[in-house]
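**Student:** Chains as they are written, first to last, in the working numbering: chain R, 835 to 948; chain C, 73 to 186.
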Amino acid sequence: AQSVTQLDSHVSVSEGTPVLLRCNYSSSYSPSLFWYVQHPNKGLQLLLKYTSAATLVKGINGFEAEFKKSETSFHLTKPSAHMSDAAEYFCVVSAPYGNNRLAFGKGNQVVVIP
Amino acid sequence: IAGITQAPTSQILAAGRRMTLRCTQDMRHNAMYWYRQDLGLGLRLIHYSNTAGTTGKGEVPDGYSVSRANTDDFPLTLASAVPSQTSVYFCASSDRGSNTGELFFGEGSRLTVL
């Protein structure tokens, strides 16, 4: 079984400052890892994914994440927050036997202060 | 624009009533999913279908049923709604052949059971 831990359910950042969202995972398999973003009253959208290729993954809107197996982490970062980054972010881990075995974190609600 | 369409977008329902949430995709994806999203709990899988004609139970299937008569449609039925089923429901699909864990989400159906 796999699981995901996202600390800090609410995160406030000032516009123009870095964003860091932490994700730690547990998996019995070599995992695939994902970050999804959900804007208010919208569905989830894939931000980036790690599937055993390069450990530093770049996504849309300037976000990136680094897979660290030794730390079982997949933290999401962005150098400079923009107002449009205000959203909820979910870290997800996948087992290799199908998408019905995805495990979602409980989410980070990001507020960007002007 | 290709994607997933959910209906209704919002519904208030009396307890004990039957309700079907509709989901249609035009991406010809094999796999489809229903999740519910509740504050502080993230997304939880209700039911899934890996291909037309097959369905499976997710993490929280009780009180819900699904069918998959064709590739495009995946309705979710609440046979007798209860207040604990008040939630936001998301339909999603994926190209099962890629097994990348990338899901495409609809914009959600907000259901309130009184």
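No residue lacks a Cβ here, since even glycine has one placed at the ideal position from N, Cα and C.
Just to confirm my understanding: we take residue 851/R, look at its own chain, exclude 5 residues before and 5 after, and list those with CB closer than 8 Å. What are they?
**Tutor:** Excluding positions up to five away in sequence, the list reads 914 and 915.
**Student:** Three-state secondary structure (DSSP) at residue 170/C?
**Tutor:** In this prediction, residue 170/C scores a pLDDT of 46, lower than 50, which makes its location untrustworthy; no coordinate-derived value is stated.
**Student:** Evaluate residue 118/C with the Cβ neighbour count: other Cβ atoms within 10 Å of its Cβ, from every protein chain shown; 16 or more gives buried, anything less gives exposed.
**Tutor:** By the 10 Å Cβ count, residue 118/C comes out buried.
**Student:** For a quick check, are the C-beta atoms of residue 939/R and residue 164/C less than 9 Å apart?
**Tutor:** In this structure, residue 164/C does not lie closer than 9 Å to residue 939/R by Cβ.
**Student:** Residues of the segment 877 to 903 of chain R with a CB closer than 8 Å to any CB of chain C: list them in chain order, please.
**Tutor:** Listed by position, the residues of the segment 877 to 903 of chain R near chain C (Cβ gap below 8 Å) are 877, 878, 879, 880, 883 and 885.
**Student:** Is any beta-carbon of chain R found at less than 9 Å from that of residue 146/C?
**Tutor:** Closer than 9 Å: no.
**Student:** Distance check for residue 77/C and residue 903/R, CA to CA, integer angstroms please.
**Tutor:** Cα to Cα, the separation comes out at about 37 Å.
**Student:** I need the straight-line Cα distance from residue 845/R to residue 943/R, nearest angstrom please.
**Tutor:** The straight-line gap from Cα to Cα measures roughly 6 Å.
**Student:** Ignore the nearest five residues each way along the sequence and tell me which others in residue 131/C's own chain have a CB closer than 8 Å to its CB.
**Tutor:** For residue 131/C, where only same-chain residues beyond five positions count, the Cβ hits under 8 Å are 116, 117 and 118.
**Student:** Comparing the C-beta of residue 858/R with each C-beta of chain C, is any distance below 9 Å?
**Tutor:** No, because no Cβ of chain C sits closer than 9 Å to the Cβ of residue 858/R.
**Student:** Identify which residue in 158/C, 174/C and 179/C has its Cα closest to the Cα of residue 89/C.
**Tutor:** Cα-wise, what sits closest to residue 89/C is 158/C.
**Student:** Alpha carbons only, please: which of 114/C, 107/C, 113/C and 111/C is nearest the one belonging to residue 128/C?
**Tutor:** Comparing Cα positions, the closest option is 107/C.
**Student:** Please list, in chain order, all residues of the same chain as residue 147/C whose beta carbon is under 8 Å from its beta carbon, the five residues on each side excluded.
**Tutor:** Only 92, 93, 94, 95, 138 and 139 meet the Cβ criterion.
**Student:** Ends of the beta strand (DSSP E) at residue 879/R?
**Tutor:** First-last of the beta strand (DSSP E) with residue 879/R: 878 to 884.
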